[in-house]
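Here's the structure, in structure tokens; my notes come after.
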Amino acid sequence: MSARMPSTKTLAITLSSLVVAYLLFAWLALPRILQSQAENYIAGKAGHRLTLDRAGFNPFELSLRIVNLRLTEPDGKPLLAFKELFVDLSAASIFRLAWVFDGIRLDEPDATLVLQPDGRLNWSPLIEALKGGAAPGRPGARRTTVDALPRGPGCAGRPLRRARRRRPTGRPPGGLSQGQPRPARARCR
Numbered sequence: 192m193s194a195r196m197p198s199t200k201t202l203a204i205t206l207s208s209l210v211v212a213y214l215l216f217a218w219l220a221l222p223r224i225l226q227s228q229a230e231n232y233i234a235g236k237a238g239h240r241l242t243l244d245r246a247g248f249n250p251f252e253l254s255l256r257i258v259n260l261r262l263t264e265p266d267g268k269p270l271l272a273f274k275e276l277f278v279d280l281s282a283a284s285i286f287r288l289a290w291v292f293d294g295i296r297l298d299e300p301d302a303t304l305v306l307q308p309d310g311r312l313n314w315s316p317l318i319e320a321l322k323g324g325a326a327p328g329r330p331g332a333r334r335t336t337v338d339a340l341p342r343g344p345g346c347a348g349r350p351l352r353r354a355r356r357r358r359p360t361g362r363p364p365g366g367l368s369q370g371q372p373r374p375a376r377a378r379c380r
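Structure (structure tokens):
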């Protein structure tokens, strides 16, 4: 008995069904999975709290949009927030075997750095907790190409400066000698 080859019509219907299933998954399910996994990963790994209003993925453009992200310390103090992050991955990544981005845009970023009395930054516990998951024997960083960093309401492509503060009289410059942590906020010029 010989095996019968499927007809062209059957192959076309099967292939179309697989493409539609991929697009529906990427458009509808992937953003929700990404959001819940990111929030759970940060909470479980470092104890910090990550919230975001919405994540969106466009499978046609290979773009990711994250809206209103907030990262806070376990006690609720803010570390990082931004209004929107848009990352446009290029299809050339497949052929160049490197991360190639057509554009990255970050709107209204707000980061808080605090020098603690022990000389460490408030970001140190988060960084140390996330470093623990590196794979041993993994090669160095992959090549990355960014074709465009658009200028807009965000800081992409612009240098950051430290917000100026007036020092009260009788306090030494820097104000850190008395053991009081002093927050510094990064702002766009």
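Residue numbers (this note's numbering): 192 to 380.
Don't be surprised by glycine CBs; every beta carbon is placed ideally from N, CA and C.
Since we're looking at a predicted model, the values are computed, not measured.
Would DSSP call residue i helix, strand or coil?
i: Trp314; result: coil
i: Phe216; result: helix
i: Ala229; result: helix
i: Ser198; result: coil
i: Gly247; result: strand
i: Arg334; result: coil
i: Leu221; result: helix
i: Leu304; result: strand
i: Leu255; result: strand
i: Ala354; result: Low confidence applies here, because Ala354 scores a pLDDT of 43, under 50, leaving its location unreliable; read the following figure in that light. DSSP places Ala354 in coil when its eight states are reduced to three.
Please name the residue in the options whose C-alpha comes closest to that of residue i.
i: Gly247; options: Glu264, Gly267, Phe277, Asp301; result: Phe277
i: Arg256; options: Glu264, Asp244, Gly267, Asp266; result: Asp244
i: Ala383; options: Glu264, Met196, Glu299; result: Outside the shown range of the chain, which is 192 to 380, sits residue 383, and nothing can be said about it.
i: Asp298; options: Leu202, Arg287, Trp314, Lys274; result: Lys274
i: Ala302; options: Ala194, Pro308, Phe251, Lys268; result: Lys268
i: Arg261; options: Leu241, Tyr213, Leu280; result: Leu241
i: Arg296; options: Ser254, Pro197, Asp309; result: Ser254
i: Leu214; options: Met196, Asp293, Asn249, Phe286; result: Asn249
i: Tyr232; options: Ala283, Lys322, Val337; result: Lys322
i: Gly294; options: Ala229, Ile204, Arg195, Asp338; result: Asp338
i: Glu252; options: Asp279, Leu306, Met196, Glu230; result: Asp279
Mind checking residue i: buried by the 16 CB within 10 Å criterion, or exposed?
i: Gln226; result: buried
i: Arg334; result: exposed
i: Ile224; result: exposed
i: Ser207; result: exposed
i: Leu317; result: buried
i: Ser198; result: exposed
i: Pro300; result: buried
i: Leu270; result: buried
i: Phe292; result: buried
i: Ser281; result: buried
i: Val210; result: exposed
i: Arg349; result: Any reading at Arg349 is ruled out, since the residue's pLDDT is 47, under 50, leaving its predicted position unreliable.
**Study point:** Cβ pair count under 8 Å reaching 3, the segment 229-244 against the segment 211-219
**Key:** no
Point to revise | Runs of alpha helix (DSSP H) lying entirely within the segment 257-295, each at least 4 residues, in chain order | key: 283-287
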